[in-house]
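Chemist: In my numbering, the protein residues as written are 41 to 251.
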Amino acid sequence: MERGDLFVVSAPSGAGKSTLCSMVMEKLDGLVFSVSHTTRPPRPGEEHGKDYFFVSEEQFQKLVAEDAFLEWARVHGHFYGTLRQHVMDTLSKGLDIILDIDVQGAKQVKEKMPWAVTIFILPPSWHALEERLKKRGSEDREKIKLRLKNALKELEEVHSYHYTVVNDVLEDAYEQFKAIIVAERSKTGRVLASKIDMTKLRPDPDSWLHS
Ligand code: ADP
Ligand code: 5GP
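In structure tokens form, the structure reads like this:
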């Protein structure tokens, strides 16, 4: 079976990555969201196993020592990582997978899987980014400041991504994000490998071609 595609999605915190990923996950079949492990405490409403696997630093370091992560990084003062086995199992079933990971993790994935498709989400302006972080209300002032400080560095990485989506009007950004995934799924090699048997495109003996 043809392996699935791996989509890496990165953005400065507050740009709308999680929102767009969950919208596209609801709409497209054959797409799996990679649930990361993190040492960050859960936000209200976040579910263990759905948004993240919330683990202690000790549990996280044990997984690092076991080389269980495809990639991992320290982001905004917490550890985050993607389990290798889950990604490999998903891809080998022919399913696509989305990794919502930071720019450091994206670099590690690109080194190991140069065929990964990378997408960067940009906010329309610095002001919008700040307002979204404040409005989300999941971090206090100091933590928002740290995320904004890190955003400056993260934004420099946009050039190394294949695609960029400016998340201004949410519906438009969602349509563009979805279109990228659909376009990748429409690449000739992939369609010929999984969607159509080319022998079906040979004329039958009773075809008008022979009349
Ligand atoms: P990220 O995952 O990149 O940190 P989120 O998806 O949590 O960002 O979005 C940050 C906040 O901005 C959330 O409160 C979300 O509802 C809001 N948001 C996302 N996209 C838009 C948009 N296009 N316009 C206005 N608000 C948005
Ligand atoms: P948040 O705390 O807002 O959920 O995520 C903070 C940052 O960590 C975001 O940039 C998000 O993409 C990133 N992140 C989430 N999971 C992973 C992961 O498994 N690996 C890496 N490297 N970054 C991650």
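We put the beta carbon where it would ideally sit given N, CA and C, even for glycine.
#1: Is it buried or exposed, lysine 57, if we count other Cβ atoms within 10 angstroms and call 16 or more buried?
#2: Could you compute how far the alpha carbon of aspartate 91 sits from the alpha carbon of arginine 176?
#3: Assign arginine 187 to one of two classes, buried (16 or more other C-beta atoms within 10 Å of its C-beta) or exposed (fewer than that).
#4: Quick one: is the Cβ of aspartate 142 within less than 7 Å of any heavy atom of the ligand 5GP?
#5: Proline 82 and phenylalanine 94 - do their beta-carbons sit closer together than 8 Å?
#6: Using the rule of at least 16 other Cβ atoms within 10 Å of the residue's Cβ for burial, across every protein chain shown, is threonine 78 buried or exposed?
#7: Contact defined as beta carbons within less than 8 Å: I believe valine 49 pairs with isoleucine 138. What is the distance between those atoms, to the nearest angstrom?
#8: Among Leu173, Glu106, Asp244 and Lys185, which one has its Cα closest to the Cα of glutamine 125?
#9: How many whole angstroms separate the CB atoms of asparagine 252 and proline 163, which I take to be in contact at a CB cut-off of 8 Å?
#10: Would you please state the rounded distance, in angstroms, between the beta carbons of glycine 54 and arginine 172? I believe it to be under 8 Å.
#11: Spatial neighbours of lysine 19 within its chain, please: C-beta separation below 6 Å, excluding the five flanking residues on both sides.
#12: Can you give the beta carbon distance from leucine 68 to isoleucine 221, rounded, assuming they're within the 8 Å contact cut?
#13: Return yes when at least one heavy atom of the ligand GTP lies under 7 Å from the C-beta of threonine 79, else no.
#14: Nearest by alpha-carbon distance to glutamine 216: which of Val127, Glu182, Asp136 and Leu60 is it?
#15: Determine the closest residue to glutamate 111 out of His88, Glu197 and Val143, with distance taken between C-alpha atoms.
#16: So, are the CB atoms of lysine 150 and alanine 156 less than 8 Å apart?
#17: Per DSSP, what are the beta-bridge partners of tryptophan 112 in this structure?
#18: For a quick check, are the C-beta atoms of arginine 242 and glutamate 42 less than 8 Å apart?
#19: Which stretch, first to last residue, makes up the beta strand (DSSP E) that contains valine 209?
#20: Once you ignore the five residues that flank leucine 135 on each side, which residues in its own chain have a CB closer than 8 Å to its CB?
#21: Please enumerate, following chain order, all residues with a beta carbon closer than 5 Å to at least one heavy atom belonging to the ligand ADP.
Modeler: Reading off the structure:
#1: The residue labelled residue 57 in the question sits at position 17 within the sequence shown. Classification of lysine 57: buried, given that the 10 Å Cβ count is 16 or more.
#2: For the purposes of this step, residue 91 is taken as the residue at position 51 of the sequence shown. For the purposes of this step, residue 176 is taken as the residue at position 136 of the sequence shown. Between aspartate 91 and arginine 176, the C-alpha separation is close to 16 Å.
#3: Within the sequence shown, numbered from 1, the residue matching residue 187 stands at position 147. So arginine 187 counts as buried.
#4: If you number the sequence shown from 1, residue 142 lands on position 102. The answer is yes for aspartate 142.
#5: For this step, residue 94 is matched to residue 54 along the sequence shown. For this step, residue 82 is matched to residue 42 along the sequence shown. Taking 8 Å as the Cβ cut-off, phenylalanine 94 and proline 82 qualify as a contacting pair.
#6: By 1-based counting over the sequence shown, the position of residue 78 is 38. So threonine 78 ends up on the buried side.
#7: Position 9 of the sequence shown, counted from the start, is the residue given in the question as residue 49. Position 98 of the sequence shown, counted from the start, is the residue given in the question as residue 138. Between isoleucine 138 and valine 49 the Cβ distance is about 6 Å, and since that is below 8 Å, they are a contact.
#8: If you number the sequence shown from 1, residue 125 lands on position 85. Considering only alpha carbons, the answer is Glu106.
#9: In this structure the chain extends from 41 to 251, so residue 252 is not present and cannot be described.
#10: Locating residue 54 in the sequence shown gives position 14, counting from the first residue. Locating residue 172 in the sequence shown gives position 132, counting from the first residue. Their Cβ separation, rounded to whole angstroms, is 4 Å, which keeps glycine 54 and arginine 172 in contact under 8 Å.
#11: This structure cannot speak to residue 19, because the chain is shown only from 41 to 251.
#12: As a working note, residue 68 is residue 28 in the sequence shown. As a working note, residue 221 is residue 181 in the sequence shown. Indeed, because the Cβ distance is near 6 Å, the residues count as touching under 8 Å.
#13: In the structure shown, the ligand GTP is absent; the only ligands present are the ligand ADP and the ligand 5GP.
#14: Here residue 216 corresponds to residue number 176 of the sequence shown, with the count starting at 1. Scanning Val127, Glu182, Asp136 and Leu60 for the CA closest to the CA of glutamine 216 turns up Leu60.
#15: Start at 1 with the first residue of the sequence shown, and residue 111 comes out as number 71. Residue nearest to glutamate 111 within the set His88, Glu197 and Val143 is Val143 (criterion: CA-CA distance).
#16: As a position in the sequence shown, residue 150 is number 110, starting the count at 1. As a position in the sequence shown, residue 156 is number 116, starting the count at 1. Cβ distance < 8 Å, so lysine 150 and alanine 156 count as in contact.
#17: If you number the sequence shown from 1, residue 112 lands on position 72. Answer is Gly121.
#18: Taking the first residue of the sequence shown as 1, we reach residue 242 at position 202. Taking the first residue of the sequence shown as 1, we reach residue 42 at position 2. Not in contact: arginine 242 and glutamate 42 (Cβ atoms no closer than 8 Å).
#19: Start at 1 with the first residue of the sequence shown, and residue 209 comes out as number 169. Unbroken run through valine 209: none, as it is neither H nor E.
#20: Your numbering for residue 135 matches position 95 in the sequence shown. Once the five neighbours on either side are set aside, the close Cβ partners of leucine 135 are Gly44, Gly70, Leu71 and Val72.
#21: Any residue whose Cβ sits closer than 5 Å to a heavy atom of the ligand ADP makes the list: Ala51, Ser53, Gly54, Ala55, Gly56, Lys57, Ser58, Thr59, Arg172, Arg176, Asn207 and Leu210.
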